[in-house]
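Undergrad: Sending over a structure as structure tokens; questions will come in a sec.
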Amino acid sequence: MEILVYAVMLFVLFNVIMGIASINTWVERKGSALIQDRIGANRAGRYLDSDLLVLKPVLPVIRFLGILGVINTLLCDAVKALFKEDFVPQGVSKFLHALGPFMAVFPVFLAFAIIPLAPEFVLFGEVIRPQLAPLNAGVLFFLAMGSMAVYGVAIAGWAGNNKYSLLGGLRAAAQMISYELAMGLAFVAVIVCYGTLDLYEMVNRQEGVWGVVYQPITFIILFIVGMAETKRGPFDLPEAESELTAGYFTEYSGMKFLLFWLGEFAEIGLFSFLLVLLFFGGWHLPFVDLPEHAWWAALIGHAILMGKVLFFCVLQIVLRWTLPRFRFDQLMKLGWKYLLPLSMINLLVYGALKAGGWLTV
Amino acid sequence: MMILFALLGALVIASAIGVVALRHPIHSALCLVLNLVGVAALYAMLDAHFLSAVQIIVYAGAIMVLVLFVIMLLNIKVEQPHRRGIILTLLATLAGVCFLGILAPLFYRGLRGFTDHSSKIEGTVEAFGELLFTRYLFPFEAASVLIMVAIVGAVMIGKRHQQGGSK
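Top to bottom, those sequences are chains A and B. Sequence positions in the first sequence follow the working numbering and run 18 to 378. Sequence positions in the second sequence follow the working numbering and run -7 to 159.
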């Protein structure tokens, strides 16, 4: 029974990850077109015609999806990537070259294990908590996976045997290591505030008031750091196409190239999940009281959670296409001279508040 | 459980051998990462989740810096095998055997911990923190002072270098 529950949870979680990654891909393609006053992907599937009786009723739907660019970005690009030549440059370790994209995706997917997807519910007389790994170490596991994700890009950059790749990999590693410090300290402030490491517990503490109300600075730090850790937005120097061709994945093609993107889009979803769970009440909405332990309440809670997560995903993508890229010294300055001291002071303040008993969550 | 332990143990030992046996510095560094992650997995098997997470954050994450140093500072070349003197080899072997002798009783006791679940370690964050701030308070504080001194020292050295360097 327990194994069945876990299997179903794993299936649902995998679909959540892939769904978010797909939606992000589409929003990135079509949204960037909107922002830049282009039309964007709108060809594939638009003129599809068929005499097959099975296809007849869904033809308008497919054509509409084609106009929206969904078929182009999600179906055609994936199939194209699968059939492309898997190019490996000369003079590199083939093993490391293959390990790079794998290591870029694997920690991100693993970190999703600690994400609770909905409130607890009772099914067949058993209380089920839709969280794959209710670890005692909780968010620390996320930090651990974050520090493993650096290896993917660094190995990829090195295994490309190309100066642009190497520079991109080094930039990515320097950037991620620098921002990890501020991220860790911001997480400690959150942990001090809630007095727990478990994400599910943290969401429960926000039933009345959302966490962002009494820790706005922590939220801002984590939001900026999240965008830097996903190597996106104004922080996309590791893949700065005007300087480094494509950065650390210059020498990758086909599915391996797509894996980097999958990891990136999944990471956007992961950070959105964290922001929502830590600061925006997870599945809680103000003035909406869901009954406890009802399966339909869990579904509604899941829908609320996903709605908030998608909002933050779209926000990150819009920011990425709106703000100009930093210079590398500006990036380092922001990380070390502003965010790190700010998160230290932030932690001190919350420690003092907690020790003085003024902060009761 | 025993099979998992055996697999992880084999992984840890194999990667440890890989660190010293592989010719390429990058491969050695990555083997070290694998080794430390394997040790973290062993901690997780003992229900010490906190220690396991910290092991990955602090140790496995920090090897990244080592990898970067290898990429940036060393010539990216396969290390050439060179002959060592006979006395050095003998001394190294002796040191290794002595170290193994010191570790052997610990190893024996540790192995029993994996099979005997009556002596389970309390590995929750709460238990860990309580131990750290009561029984091991002095070593904990001494270590933090040591790290603080190292940080201040690094900043001082970096500053002096900047003043004396290019202007």
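Every residue, glycine too, gets a C-beta built ideally from N, C-alpha and C. Predicted model only: the values in this text are computed from it and were never measured.
Could you name the residues of the same chain whose beta carbon sits closer than 7 Å to that of A:A257, not counting the 5 residues immediately before and after it, in chain order?
TA: Counting from one through the first sequence, the residue named residue 257 of chain A turns up at place 240. When the five nearest sequence neighbours on each side are left out, the beta carbons in the same chain lying within less than 7 Å of the beta carbon of A:A257 are those of G264 and R342, in order along the chain.
Undergrad: Which value, in whole angstroms, describes the spacing of the CA atoms of A:V105 and B:I5?
TA: For the purposes of this step, residue 105 of chain A is taken as residue 88 along the first sequence, with counting starting at 1. For the purposes of this step, residue 5 of chain B is taken as residue 13 along the second sequence, with counting starting at 1. When rounded, the distance between both Cα atoms is 31 Å.
Undergrad: Decide if A:V139 is buried, meaning its Cβ has at least 16 other Cβ atoms within 10 Å, or exposed.
TA: Here residue 139 of chain A refers to the residue found at position 122 when the first sequence is read from its first residue. Answer is exposed; the Cβ neighbour count stays below 16.
Undergrad: To the nearest angstrom, how far is it from the Cα of B:L129 to the Cα of A:L365?
TA: Residue numbering aside, residue 129 of chain B sits at position 137 when the second sequence is read from its first letter. Residue numbering aside, residue 365 of chain A sits at position 348 when the first sequence is read from its first letter. If I take the Cα positions, the gap works out to 21 Å.
Undergrad: Quick one, are the C-beta atoms of B:Y35 and B:L43 less than 8 Å apart?
TA: As a working note, residue 35 of chain B is residue 43 in the second sequence. As a working note, residue 43 of chain B is residue 51 in the second sequence. Yes, the Cβ-Cβ distance between B:Y35 and B:L43 is below 8 Å.
Undergrad: Is the region 195 to 212 of chain A touching the region 238 to 247 of chain A, taking contact as three or more C-beta pairs under 8 Å?
TA: yes
Undergrad: Does the beta-carbon of A:L51 have 16 or more other beta-carbons within 10 angstroms, so that it is buried, or is it exposed?
TA: As a working mapping, residue 51 of chain A is identified with position 34 in the first sequence. Exposed.
Undergrad: Report the residue from A:F204, A:V226 and A:K180 whose alpha carbon sits nearest the alpha carbon of A:I238.
TA: In the first sequence, counting from the first residue as 1, residue 238 of chain A sits at position 221. Checking every option, the nearest Cα to that of A:I238 belongs to A:F204.
Undergrad: On the three-state DSSP scale, how would you describe A:E143?
TA: Locating residue 143 of chain A in the first sequence gives position 126, where the first residue counts as 1. Three-state result, A:E143: strand.
Undergrad: Output needed for A:L370: all residues of its chain with C-beta closer than 7 Å, excluding positions within five of it in sequence on either side, in chain order.
TA: Indexing the first sequence from 1 puts residue 370 of chain A at position 353. If we look at A:L370 and ignore the five residues flanking it on each side, its Cβ neighbours are L376.
Undergrad: Out of curiosity, what's the CA-to-CA distance linking B:L80 and B:H19?
TA: The sequence position of residue 80 of chain B within the second sequence is 88, counting from 1. The sequence position of residue 19 of chain B within the second sequence is 27, counting from 1. Those two C-alpha atoms are separated by around 25 Å.
Undergrad: Examine chain A for any beta-carbon lying closer than 8 Å to the beta-carbon of B:L95, and answer yes or no.
TA: Stepping through the second sequence from its first residue, residue 95 of chain B is reached at position 103. Chain A, which has no Cβ nearer than 8 Å to the Cβ of B:L95, makes this no.
Undergrad: On the DSSP letters alone, give me the boundaries of the alpha helix (DSSP H) that A:T213 sits inside.
TA: Counting from 1 along the first sequence, the entry for residue 213 of chain A is found at position 196. Element bounds for A:T213: n/a, residue is neither H nor E.
Undergrad: Answer yes if the region 228 to 236 of chain A comes into contact with the region 178 to 185 of chain A, meaning at least three C-beta pairs across the two stretches below 8 Å, and no otherwise.
TA: no
Undergrad: Does A:F343 come out as helix, strand or coil in the three-state DSSP assignment?
TA: Residue 343 of chain A sits at position 326 when you count from the first residue of the first sequence. In this structure, A:F343 counts as coil in the three-state DSSP scheme.
Undergrad: Count the other C-beta atoms from every protein chain shown that fall within 10 angstroms of the C-beta of B:I143, then say buried if there are 16 or more, exposed otherwise.
TA: As a first step, residue 143 of chain B must be located in the second sequence, where it is residue number 151. Answer is exposed; the Cβ neighbour count stays below 16.
Undergrad: Along chain A, in chain order, which residues have C-beta atoms closer than 7 Å to that of B:I149?
TA: If you number the second sequence from 1, residue 149 of chain B lands on position 157. Correct list: empty, because the minimum Cβ distance to chain A is about 17 Å.
Undergrad: Alpha carbon to alpha carbon, what distance is there between B:E118 and B:S111?
TA: Your numbering for residue 111 of chain B matches position 119 in the second sequence. Your numbering for residue 118 of chain B matches position 126 in the second sequence. For B:S111, the pLDDT reaches just 47, beneath the cut-off of 50, and the residue's location in the model is therefore unreliable, although a value from the coordinates is still provided. For B:S111 and B:E118, the distance between alpha carbons rounds to 18 Å.
Undergrad: Do A:V293 and A:F329 count as a contact pair if the criterion is CB distance below 8 Å?
TA: Start at 1 with the first residue of the first sequence, and residue 329 of chain A comes out as number 312. Start at 1 with the first residue of the first sequence, and residue 293 of chain A comes out as number 276. Going by C-beta atoms, A:F329 is nearer than 8 Å to A:V293.
Undergrad: Using 8 Å as the threshold, is the C-beta distance between A:A171 and A:L287 below it?
TA: Residue numbering aside, residue 171 of chain A sits at position 154 when the first sequence is read from its first letter. Residue numbering aside, residue 287 of chain A sits at position 270 when the first sequence is read from its first letter. No, the pair does not count as a contact, with Cβ atoms beyond the cut-off.
Undergrad: Flag A:W175 as yes if its beta-carbon sits less than 8 Å from any beta-carbon of chain B, otherwise no.
TA: Along the first sequence, read from residue 1 onward, the residue named residue 175 of chain A stands at position 158. Closer than 8 Å to some Cβ of chain B, the Cβ of A:W175 qualifies, so yes.
Undergrad: Please list the partners that A:M165 has in chain B, where partner means a Cβ-to-Cβ separation under 8 Å.
TA: Mapped onto the first sequence, residue 165 of chain A falls at position 148. Neighbours of A:M165 on chain B, chain order: V29, I48, A52 and G53.
Undergrad: State the Cα-Cα distance for the pair B:G30 and B:R127, rounded to the nearest angstrom.
TA: As a working mapping, residue 30 of chain B is identified with position 38 in the second sequence. As a working mapping, residue 127 of chain B is identified with position 135 in the second sequence. Roughly 28 Å separates the two Cα atoms.
Undergrad: Going by CA-CA distance only, name the one from A:G271, A:N221, A:L261 and A:F282 that's closest to A:R249.
TA: By one-based count along the first sequence, residue 249 of chain A stands at place 232. Checked all of A:G271, A:N221, A:L261 and A:F282; the closest Cα to A:R249 is A:F282.
Undergrad: Count the other CB atoms, across all protein chains shown, that sit within 10 Å of the CB of B:C90; report buried if there are 16 or more and exposed otherwise.
TA: Taking the second sequence and counting its residues from 1, one reaches residue 90 of chain B at position 98. When all chains shown are included, B:C90 counts as exposed.
Undergrad: Closer than 7 Å, Cβ to Cβ, to anything on chain B: give me those residues from the region 147 to 171 of chain A, in chain order.
TA: Taking a C-beta cut-off of 7 Å against chain B, the contacting residues of the region 147 to 171 of chain A are L152, N153, A154, L157, F158, L160, A161, S164, M165, V167, Y168 and A171, listed in chain order.
Undergrad: With a threshold of 8 Å between beta-carbons, can B:S7 be considered close to chain A, or not?
TA: The residue given as residue 7 of chain B occupies position 15 in the second sequence. No, its Cβ sits nowhere closer than 8 Å to a Cβ of chain A.
Undergrad: Quick check: is the beta carbon of A:L239 nearer than 8 Å to any beta carbon in chain B?
TA: Stepping through the first sequence from its first residue, residue 239 of chain A is reached at position 222. No, A:L239 does not count as interfacial toward chain B.
Undergrad: Just to make sure I have the definition right: I need the residues of chain B whose C-beta is within less than 7 Å of the C-beta of A:A190. Which are they?
TA: Here residue 190 of chain A is taken as the residue at index 173 of the first sequence, counted from 1. Going along chain B in sequence order, the residues near A:A190 (Cβ under 7 Å) are M56 and L60.
Undergrad: Kindly indicate the opening and closing residues of the alpha helix (DSSP H) around B:Y35.
TA: In the second sequence, counting from the first residue as 1, residue 35 of chain B sits at position 43. Its alpha helix (DSSP H) spans residues P17 to M37.
Undergrad: On a Cα-Cα basis, can you pick out the residue from A:L99, A:D215, A:L69 and A:N178 that is closest to A:F266?
TA: To locate residue 266 of chain A, count along the first sequence from 1; it is residue 249. Nearest C-alpha to A:F266: A:N178.
Undergrad: Could you name the residues of chain B that A:L30 contacts, counting a contact when the two beta carbons are closer than 8 Å?
TA: Walking along the first sequence from the start, residue 30 of chain A turns up at place 13. Near A:L30 there are no residues of chain B at all, since even the closest Cβ is about 19 Å away, more than 8 Å.
Undergrad: Is the beta carbon of A:A98 sitting closer than 8 Å to the one on A:F274?
TA: To locate residue 98 of chain A, count along the first sequence from 1; it is residue 81. To locate residue 274 of chain A, count along the first sequence from 1; it is residue 257. Cβ distance < 8 Å, so A:A98 and A:F274 count as in contact.
Undergrad: 8 Å is my cut-off, CB to CB: does A:I194 come that close to chain B?
TA: Taking the first residue of the first sequence as 1, we reach residue 194 of chain A at position 177. A:I194 counts as touching chain B.
Undergrad: On the three-state DSSP scale, how would you describe A:Q192?
TA: Counting from one through the first sequence, the residue named residue 192 of chain A turns up at place 175. Three-state DSSP puts A:Q192 in a helix.
Undergrad: Note down the Cα distance separating B:G157 from A:V125, rounded to an integer number of angstroms.
TA: The count along the second sequence starts at 1 and reaches residue 157 of chain B at position 165. The count along the first sequence starts at 1 and reaches residue 125 of chain A at position 108. Legend: pLDDT at B:G157 = 49, less than 50; position of this residue unreliable, no value from coordinates given.
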